[in-house]
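Participant: Chains as they are written, first to last, in this note's numbering: chain A, 2 to 500; chain B, 2 to 400. This is the structure I want to talk about, given as C-alpha cells.
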Amino acid sequence: MNVKDVIIIGGGSTGCGIARDLALRGISHCLIEKNDFAAGATGACHGLLHSGGRYAVADTDAAAECIAENRILSRIGRKCVEQTGGLFVRLPGDSKKYRDAFLKGCERLGIETEVLSPTRALELVPSLNPALEEAVRVPDCSIDPFRLCMLNIVSSKARGGEIFTHHEVINIIKERGRCVGVKLKEKLSSSIKEIRGKVIVNAAGAWAQRIAILAGSSLPMTLSKGSLVVTNHRLSNMVINRLRPPSDGDIIVPNEAVCLAGTTSVAVDSPDNLEVTSGEVETVAWEAASMVPEFEDVRLIRTYAGVRALLNSESLDGRQISRSFQIIDHKNGLFSIIGGKLSTYRLMAEKLCDAVMRHLDLKRACLTAEKPLEGQEELRGYPLSDRLESLKDIICECELVRRSDVERVIQRISPKHIGDIQHRTRLGMGPCQGGFCTYRALGVMQETGKVSPEESIEILKEFLQRRFKGIRPVLWGDQLREEQLIEYIYLGILSMESY
Amino acid sequence: MNKGTYDAVVIGGGMSGLTAAITLCDAGKTVAVISKGDPVCCLSTGCVDILNSTDEPFDGISSLPFGHPYGLVEQDLIIEACEHFMETAARGSLPYAGSIHKNRHLITPIGMKKTTCLVPKTMEHANCDENEGIHIVSFRGLKDFFPSYIMLQYSNTGCSIFDASVSSTIGIAERFEDERFRETFADWLSRQHIPEGKIAIPAVLGIRSSFSIYKELSQRTGRTFFEIPTLPPSLPGIRLFKCMKQAFLARGGHLYWGSEIASVEKLGAIIEGVTLKNPGRVGRVQGRAFILASGSFISGGLFARMDSVQETVFGLPVYYPENRSGWFKDSFFSRGHQIEKAGVEVDSSFRPLADAPFKNLFICGSIMARSEVMKYGCGHGLAIATGYAAARSCEGFVR
Numbered sequence: 002m003n004v005k006d007v008i009i010i011g012g013g014s015t016g017c018g019i020a021r022d023l024a025l026r027g028i029s030h031c032l033i034e035k036n037d038f039a040a041g042a043t044g045a046c047h048g049l050l051h052s053g054g055r056y057a058v059a060d061t062d063a064a065a066e067c068i069a070e071n072r073i074l075s076r077i078g079r080k081c082v083e084q085t086g087g088l089f090v091r092l093p094g095d096s097k098k099y100r101d102a103f104l105k106g107c108e109r110l111g112i113e114t115e116v117l118s119p120t121r122a123l124e125l126v127p128s129l130n131p132a133l134e135e136a137v138r139v140p141d142c143s144i145d146p147f148r149l150c151m152l153n154i155v156s157s158k159a160r161g162g163e164i165f166t167h168h169e170v171i172n173i174i175k176e177r178g179r180c181v182g183v184k185l186k187e188k189l190s191s192s193i194k195e196i197r198g199k200v201i202v203n204a205a206g207a208w209a210q211r212i213a214i215l216a217g218s219s220l221p222m223t224l225s226k227g228s229l230v231v232t233n234h235r236l237s238n239m240v241i242n243r244l245r246p247p248s249d250g251d252i253i254v255p256n257e258a259v260c261l262a263g264t265t266s267v268a269v270d271s272p273d274n275l276e277v278t279s280g281e282v283e284t285v286a287w288e289a290a291s292m293v294p295e296f297e298d299v300r301l302i303r304t305y306a307g308v309r310a311l312l313n314s315e316s317l318d319g320r321q322i323s324r325s326f327q328i329i330d331h332k333n334g335l336f337s338i339i340g341g342k343l344s345t346y347r348l349m350a351e352k353l354c355d356a357v358m359r360h361l362d363l364k365r366a367c368l369t370a371e372k373p374l375e376g377q378e379e380l381r382g383y384p385l386s387d388r389l390e391s392l393k394d395i396i397c398e399c400e401l402v403r404r405s406d407v408e409r410v411i412q413r414i415s416p417k418h419i420g421d422i423q424h425r426t427r428l429g430m431g432p433c434q435g436g437f438c439t440y441r442a443l444g445v446m447q448e449t450g451k452v453s454p455e456e457s458i459e460i461l462k463e464f465l466q467r468r469f470k471g472i473r474p475v476l477w478g479d480q481l482r483e484e485q486l487i488e489y490i491y492l493g494i495l496s497m498e499s500y
Numbered sequence: 002m003n004k005g006t007y008d009a010v011v012i013g014g015g016m017s018g019l020t021a022a023i024t025l026c027d028a029g030k031t032v033a034v035i036s037k038g039d040p041v042c043c044l045s046t047g048c049v050d051i052l053n054s055t056d057e058p059f060d061g062i063s064s065l066p067f068g069h070p071y072g073l074v075e076q077d078l079i080i081e082a083c084e085h086f087m088e089t090a091a092r093g094s095l096p097y098a099g100s101i102h103k104n105r106h107l108i109t110p111i112g113m114k115k116t117t118c119l120v121p122k123t124m125e126h127a128n129c130d131e132n133e134g135i136h137i138v139s140f141r142g143l144k145d146f147f148p149s150y151i152m153l154q155y156s157n158t159g160c161s162i163f164d165a166s167v168s169s170t171i172g173i174a175e176r177f178e179d180e181r182f183r184e185t186f187a188d189w190l191s192r193q194h195i196p197e198g199k200i201a202i203p204a205v206l207g208i209r210s211s212f213s214i215y216k217e218l219s220q221r222t223g224r225t226f227f228e229i230p231t232l233p234p235s236l237p238g239i240r241l242f243k244c245m246k247q248a249f250l251a252r253g254g255h256l257y258w259g260s261e262i263a264s265v266e267k268l269g270a271i272i273e274g275v276t277l278k279n280p281g282r283v284g285r286v287q288g289r290a291f292i293l294a295s296g297s298f299i300s301g302g303l304f305a306r307m308d309s310v311q312e313t314v315f316g317l318p319v320y321y322p323e324n325r326s327g328w329f330k331d332s333f334f335s336r337g338h339q340i341e342k343a344g345v346e347v348d349s350s351f352r353p354l355a356d357a358p359f360k361n362l363f364i365c366g367s368i369m370a371r372s373e374v375m376k377y378g379c380g381h382g383l384a385i386a387t388g389y390a391a392a393r394s395c396e397g398f399v400r
C-alpha cells in the first residue's frame, strides 16, 4: 500500500511550497491536484511579488511578511522573478495624507522607497498618465506563478515526492475518527487510487471547504472573486500601483510579453464556473487607464478570474498565526491552510510544515529560505533570438513556440491535457489565445501516440469553449476581429460544431 | 495610371469588390479598385457558400428573414451573378463545379463534413460516404493538416506521407508548380501501392495553375484525387483571389493596392474623390460613382468600439445590436452571434438608407447589415450576388 507521512491536497503555490519544504526536511509526502499546477487562484492572480507597499498603511503584519519574502524569493528564485521594480502613482485628487502615511509605513517596515518627480517617473515609464503628481518607487517584482509551482515540485520529486496532477480527491478515509488516507480518481481514466498518510494537509484554496467536509470537519469560508484583464503587449516595464488605499483595478503588472491589470472583488458562492462580466472589464480598464491612459485603446486579449478564500472570522477555531493567513488544526489528522497570497507562499508553507512537524514530534528546521529553487538552470526563460533561429519549425506564431519545444514536454510529462503544454511552453498565450496552435499541438500529440484522435477532439472542444469564455467579455476592437476569424476557422472551415 | 475620373471606384479588393469591378468592366466602364491589402478571401476555403443552412440554396434564399441582403437581389440576377462568376473563373483557368440548386459536402481537416455549393474542380470528387475507401496523401512536417483526424471518421482509410522538404502549405504548393517535382511526386505515388478508391490530398496542388496540375496528376497516375482545404493561409482561397484579380486587370481595370483611404472629397451629397494614405506623395482617385465593399469586422470595413460600431471609410450610419454583453452567445459552437447583424443598411438600389449623406455611393458584400454570413453560411455567395447587383445599379447611375 502507498503510505506517506504527509498527503498534500492542492497544487497551487501553497501546496507546491509545502511539498518542497517537506522534501527538504526529509519527510515523505505526495501531492494531489485535480487539474494542473496553479489552476486556481495561483494562476489567476496578478503574478505580483509584493514589496509590501500596498499593505504598509493598513496591514503592517502582512506588509512585513511581504518585504521579507520579496527578498528571499528574489534570492532563491532568480529565474521566475523579474526585478521590474514598482511605482505607486499619485494622481491629481489622491490624498497627500495617504502618501505621507505610506512613506512613514514603508520606512518603519524597511521597504526601500524613492520619491520621484513626474518627469523622472515618466522617464522610467513613458506610458504613465502625464498628469501624475508624483510617484514612489518600491521593490515590487513580477513573478511567474506556473514556473514557481513547477520549480517547487522539482525539489519534491527529486526527494521522492509523488505528484498526482489531474487527480481529484473523492473521499477522505477515516478510522476511529481520524483521517488516515485519501481516495483519488484519475480524471481522464476515472481509475481510483488509495493513499494512506499520517497527516493530511488541505491546501485546496477556494476548494478547501469541500475537502474539510469530506473529512467531517467544518471550515466556513467566504469566497471573493477577483477579475483581471490581459493586454496584447507590455504597456509598462514596471509594476504600477495607485497611491491610495487598496481598491478595485489599481494594479498593473508586466508579465512576459503582456500586462495584467485588475482586480475586482465580488462575493461568490462557488469557486467553479467563474464568469467575468462586461462591467468588471470596464471597471478594470477604466481604473488602469487613469494610471496608464493607453489602456483606453489597448487590445485586451483575455480575461480571467480567481477566487480569494477567507475564513469566516467568527468561526475561527484554530490558531491564528497571522492576519494574512490561517492554519487550522482540525484535531483529527487534518490541517487546513487558508488565505495568504502568492508573495508569501513560502512563509505559509514553512509555518504549516512547522505545525505538522510538531504534530509528528519531529525536529527538522526549514531550509526553503536558504536553498535556491532547484531546476532553474534548465529554464530557458524567453529567449526570442533563440526561437527565431528555426522559424519554419514554429507552431505557435504568437509566442514563437517550436514543434520541438512541444515534443520535449510531451516526452517528459506525457501530457493528457493541452494546459499542461501551455503552462510549460507559453503555447497559446498570445493574441490569438491558442486559436491556431492548439489544433496543431494536438496533432503533434497524436503523432507521438500520447492521445488518440477522439481524445484530441474532446480536448479541443473543451479548450475552445473555455477560451471563448475568457475572451467573450473583451470582444470589441481588434480582439473581435481575431475572434471572428477563429470562429470562421473552427466552424466555417473545419465544421467543428458537428462533433 | 489614369489621372482622369473613373466611372466607378471600388473600395475593397475582396470577392464582392472584385465581382462588382469585373461586372462594371464588362459593361464597358472605367473602374479602379482600392485595397489596403490581400483580402479575407485568401483565408477562405475558396469554395462558394451560397446558403449552407439548407440543402437547396437557391430555393432557401426566398425563405430568409426579411431584411437579409439577399432579398435585395432579384432571383434572376442571383443566377446570372453565379453564371458570371463560373465563367470568369473558368476563363481564368480556375474552373468551378456545382450548381446553385444543390449543396454538396466536403471533408474537413478534422474529418467533419462542410456544406458548400460551388467548389474548385480540384475538390469536385470530395463527396464521400463514411465507408468509402479513401487514401490520404500528406506531407512530412505539415503543421496544418493531420490525417489522423480524418482516419477517425473514415474507418476504411489509409495514409502515405511524402517528404517535400518544405513544411508549409504555400511552400509545397510552390514546389508543385515545378514539373520535375511533379514527376518525382507521381513516381513516388505509383510506388505506394495505394488500394482502389479516391485519393485525398491537402490543398497544396499549386498556386497559379492548380487545375492543370490536378489534371496532369490524375492522368499520370490514373487515379481520382480531391483536395481538402486547410487552415489559413489557404491555397484555394489565394487561388480564387488571384484569379479574380487577374480577371479585373485583364479587363483593363486599375488597381491601387496597399492603399488605405485618408480622406474623402465631397460636394454636397456627391463623393468626388478619395485621397490615399500613401507614403511620400498624396494619391487622389476620382470617380463618378463609388462602391463600398470593405467587408465586415475581419476585413476592417466595420470596427467595434467598446459601446458602438463604426463604418471605417465614410463614417456611414451603422446598424448594430445595442448592448455589448449581448453581442456574442455563451457557446463558441453556436452560430449566429448577434454582432453578425451589424452593418450598413441600404435601399433597393444598394445605396445607404435615406438619412445617409451620399447619392453616388453603393454598398455590397458582408458590410451590409443583417448579412449574418456565419449563421447562414453564405460568404462568397452573398459577395458575388450583391457585388453583381450593386454593380448593375451603379451602372444605371453612371450611364
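Every residue, glycine too, gets a C-beta built ideally from N, C-alpha and C. Treat the numbers as computed from the prediction; the structure is a model and nothing was measured.
Does DSSP classify P353(B) as helix, strand or coil?
Facilitator: Three-state result, P353(B): strand.
Participant: Which residue from I12(B), G284(B), M16(B) and F67(B) puts its Cα closest to that of K243(B)?
Facilitator: Cα-wise, what sits closest to K243(B) is M16(B).
Participant: How is C260(A) classed by DSSP in three states: helix, strand or coil?
Facilitator: Note: C260(A) maps to strand in three-state DSSP.
Participant: Considering Cα atoms alone, identify which of K352(A), P127(A) and A207(A) is closest to N313(A).
Facilitator: When each option's Cα is compared against that of N313(A), the closest is A207(A).
Participant: Taking contact to mean 3 or more Cβ pairs, one atom from each stretch, closer than 8 Å, check whether the stretch 197-209 of chain B and the stretch 131-147 of chain B are in contact.
Facilitator: Yes, the stretch 197-209 of chain B is in contact with the stretch 131-147 of chain B.
Participant: Quick check: the Cα distance between M292(A) and A286(A), rounded to an integer number of angstroms?
Facilitator: Going from the Cα of M292(A) to the Cα of A286(A) covers about 10 Å.
Participant: Classify R435(A) as buried or exposed, calling it buried when 16 or more other Cβ atoms lie within 10 Å of its own Cβ.
Facilitator: Going by the sequence as given, residue 435(A) is Gly instead of Arg. That one is buried.
Participant: Can you find the residues in the same chain that come closer than 7 Å, C-beta to C-beta, to A22(B), ignoring five residues on each side of it along the sequence?
Facilitator: Around A22(B): V11, V32, V34, F249 and G254.
Participant: I want to see whether chain B comes within less than 8 Å of P454(A), judged by CB atoms only; does it?
Facilitator: So, interface residue.
Participant: On the CB-based measure, 16 or more other CB atoms within 10 Å of its CB, does Q423(A) come out buried or exposed?
Facilitator: It is buried - the Cβ of Q423(A) has at least 16 other Cβ atoms within 10 Å.
Participant: Taking all protein chains shown into account, decide if A82(B) is buried (16 or more other Cβ within 10 angstroms of its Cβ) or exposed.
Facilitator: It counts as buried.
Participant: Start and end of the beta strand (DSSP E) containing D8(B)?
Facilitator: First-last of the beta strand (DSSP E) with D8(B): T6 to I12.
Participant: Can you find a CB in chain B that lies within less than 8 Å of the CB of I458(A)?
Facilitator: With 8 Å as the cut-off, I458(A) counts as an interface residue toward chain B.
Participant: What are the start and end residues of the alpha helix (DSSP H) that includes F186(B)?
Facilitator: It spans E180 to S191 - the alpha helix (DSSP H) in which F186(B) sits, taken as one unbroken run.
Participant: Less than 8 Å between the beta carbons of L383(B) and P70(B), yes or no?
Facilitator: Cβ atoms of L383(B) and P70(B): closer than 8 Å.
Participant: Tell me, please, whether the stretch 233-240 of chain B touches the stretch 37-48 of chain B by the rule of three or more beta-carbon pairs shorter than 8 Å.
Facilitator: Output reads yes: the stretch 37-48 of chain B touches the stretch 233-240 of chain B.
Participant: So what's A42(A) in DSSP terms, helix, strand or just coil?
Facilitator: If DSSP states are grouped into helix, strand and coil, A42(A) belongs with the helices.
Participant: Using a Cβ cut-off of 7 Å, pull out every chain A residue sitting near Y150(B), in sequence order please.
Facilitator: Result: P454.
Participant: Indicate whether at least one CB of chain B lies closer than 8 Å to the CB of K194(A).
Facilitator: So no, K194(A) is outside the interface.
Participant: Write down every uninterrupted run of the alpha helix (DSSP H) in the stretch 12-62 of chain A whose length is 4 residues or greater and which is fully enclosed by it, in chain order.
Facilitator: Correct list: 14-25.
Participant: Out of curiosity, what's the CA-to-CA distance linking K35(A) and V170(A)?
Facilitator: When rounded, the distance between both Cα atoms is 7 Å.
Participant: Residues of chain A with a CB under 7 Å from the CB of W258(B): which are they?
Facilitator: Here the premise fails: no neighbours, minimum Cβ distance about 21 Å.
Participant: At 7 Å on the CB atoms, spell out the chain A contacts of F298(B), in chain order.
Facilitator: Going along chain A in sequence order, the residues near F298(B) (Cβ under 7 Å) are L481, R482 and Q485.
Participant: Can you tell me whether W328(B) is helix, strand or coil according to DSSP?
Facilitator: Coil.
Participant: Which chain A residues sit within Cβ distance under 7 Å of S17(B)?
Facilitator: Result: empty, since nearest Cβ-Cβ is about 16 Å, beyond 7 Å.
Participant: Using a Cβ cut-off of 8 Å (strictly closer), state whether F103(A) contacts chain B.
Facilitator: F103(A) does not count as touching chain B.
Participant: Taking 8 Å as the threshold (C-beta atoms), are N242(A) and R55(A) in contact?
Facilitator: Contact flag set, yes.
Participant: State buried or exposed for G11(A), treating a residue as buried only when at least 16 other CB atoms are found within 10 Å of its CB.
Facilitator: Classification for G11(A): buried.
Participant: Rounded to whole angstroms, what's the CA-CA distance from F89(A) to V126(A)? Just pull it up for me.
Facilitator: Those two C-alpha atoms are separated by around 12 Å.
Participant: Here's a check: name, in chain order, each residue in its chain whose Cβ is nearer than 7 Å to the Cβ of T116(B), leaving out the five neighbours to either side.
Facilitator: Here the set comprises N53, N104, H106 and G378.
Participant: Where V167(B) and Y150(B) are concerned, what is the direct C-alpha to C-alpha distance, given to the nearest angstrom?
Facilitator: Going from the Cα of V167(B) to the Cα of Y150(B) covers about 22 Å.
Participant: Any beta-carbon of chain B closer than 8 Å to the one on K393(A)?
Facilitator: By this cut-off, K393(A) is an interface position.
Participant: Check whether the stretch 105-113 of chain A and the stretch 59-71 of chain A touch, using three or more Cβ-Cβ pairs below 8 Å as the test.
Facilitator: Contact holds: three or more Cβ-Cβ distances are below 8 Å.
Participant: Count Cβ pairs between the stretch 455-469 of chain A and the stretch 319-334 of chain B that sit closer than 8 Å; are there 3 or more?
Facilitator: Flag = yes, the stretch 455-469 of chain A and the stretch 319-334 of chain B touch.
Participant: Measuring only from the beta carbon, is I151(B) closer than 7 Å to any heavy atom that is part of the ligand MG?
Facilitator: Of ligands this structure carries none, so the ligand MG is not represented either.
Participant: What does DSSP give as the partner residue(s) for R403(A) in the beta ladder?
Facilitator: Bridge partners of R403(A): I395(A).
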